[in-house]
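In the numbering used here, the protein residues as written are 34 to 185.
Some notes on the structure that comes next.
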Amino acid sequence: MIRAILFAALFAAAAFAQSAPNFSGTWKVNVAKSDYGMLPPPESRMDVIEHTGDTVKNKVSAVNQQGKQDYTLTFKTDGSESVNKIADREMKITAKWDGPALAVTMKLNLQGQDIDIQSKWTLSGDGSTLTQNVHLASAMGETDQKVVYEKQ
34 MIRAILFAAL
44 FAAAAFAQSA
54 PNFSGTWKVN
64 VAKSDYGMLP
74 PPESRMDVIE
84 HTGDTVKNKV
94 SAVNQQGKQD
104 YTLTFKTDGS
114 ESVNKIADRE
124 MKITAKWDGP
134 ALAVTMKLNL
144 QGQDIDIQSK
154 WTLSGDGSTL
164 TQNVHLASAM
174 GETDQKVVYE
184 KQ
């Protein structure tokens with residue numbers, strides 16, 4: 034009986050390890066394959082992601098209507114809350130696995146408006162495409178986005 038329980042536990046751990054992808058790499062947004070909903074797309078965006086264990090460090094370099102932006106977000110994939118600063122704004126991030134997808138929740142206040150961002154990160158089978166399905170909500174409304182990144 035104990036042997037069967039141990040086998041089942043090891044099998045479950047192995048199955049989870051296979052279903053939790055590693056997002057490490059340099060990723061460039063493919064604006065043509067992405068859908069930004071009601072919001073304008075960036076002119077360009079490059080993310081350098083370091084995913085080690087349950088920690089994700091995402092260095093973002095983007096050019097959009099506000100100009101050039103460079104910032105780093107660091108968060109855990111264990112469901113705990115991480116607090117990041119982007120310029121003078123605080124962003125709270127929680128992330129946890131939903132099967133092979135990483136469910137990421139971000140909360141921030143921008144110009145007096147609370148913004149809630151829910152996204153699901155998925156990796157293609159060959160590891161060459163990262164897709165983020167995003168839902169943004171604020172007092173001004175809601176919109177959905179599909180952001181497609183290609184590994185460089």
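Each residue gets a CB set at the ideal place from its N, CA and C atoms; glycine is no exception.
Could you pull the start and end residues of the beta strand (DSSP E) that residue i belongs to?
i	result
Ser-115	111-119
Val-64	Val-64 -> no beta strand (DSSP E), and no H or E assigned at all.
Asn-166	162-171
Asp-30	Lying before the first or after the last residue shown, residue 30 is absent from the chain, which here runs from 34 to 185.
Ala-136	134-143
Thr-57	The identity of residue 57 in the sequence shown is Ser, whereas the question assumes Thr. Element bounds for Ser-57: n/a, residue is neither H nor E.
Ala-95	88-97
Gln-178	174-184
Short of 7 Å in beta carbon distance, which residues of its chain neighbour residue i, apart from the five on each side in sequence? Order them along the chain.
i	result
Met-81	According to the sequence as given, residue 81 is Val; it is not Met. The answer, listed in chain order, is Thr-59 and Lys-92.
Asp-68	Gln-178 and Lys-179
Lys-66	Val-181
Pro-54	Pro-133 and Leu-156
With the cut-off set at 7 Å, would you say residue i and residue j are in Cβ contact?
i	j	result
Ile-126	Tyr-104	no
Ala-95	Pro-75	yes
Met-71	Thr-162	no
Ser-187	His-84	Only positions 34 to 185 of the chain appear in this structure, which leaves residue 187 out of reach.
Which residue's Cα is closest to the Cα of residue i: the options?
i	options	result
Lys-109	Thr-138, Lys-101, Val-96 and Arg-78	Thr-138
Val-89	Val-167, Lys-184, Asn-117 and Asp-177	Asn-117
Asp-147	Trp-130, Thr-162, Met-173 and Met-79	Met-173
Glu-123	Leu-143, Lys-129, Thr-176 and Gly-112	Leu-143
Asp-131	Asp-159, Ser-171 and Ser-152	Ser-152
Kindly list the residues whose CB is nearer than 6 Å to the CB of residue i, restricted to its own chain and excluding five residues on each side of it in sequence; keep chain order.
i	result
Thr-155	Ala-134 and Thr-164
Ile-35	For Ile-35, the predicted structure reports a pLDDT of 44, less than 50, and the residue's modelled location is therefore unreliable. The matter cannot be settled from this model.
Gln-185	Thr-59 and Lys-61
In terms of DSSP beta bridges, what is residue i paired with?
i	result
Ala-53	Its beta-bridge partners do not exist; DSSP assigns none.
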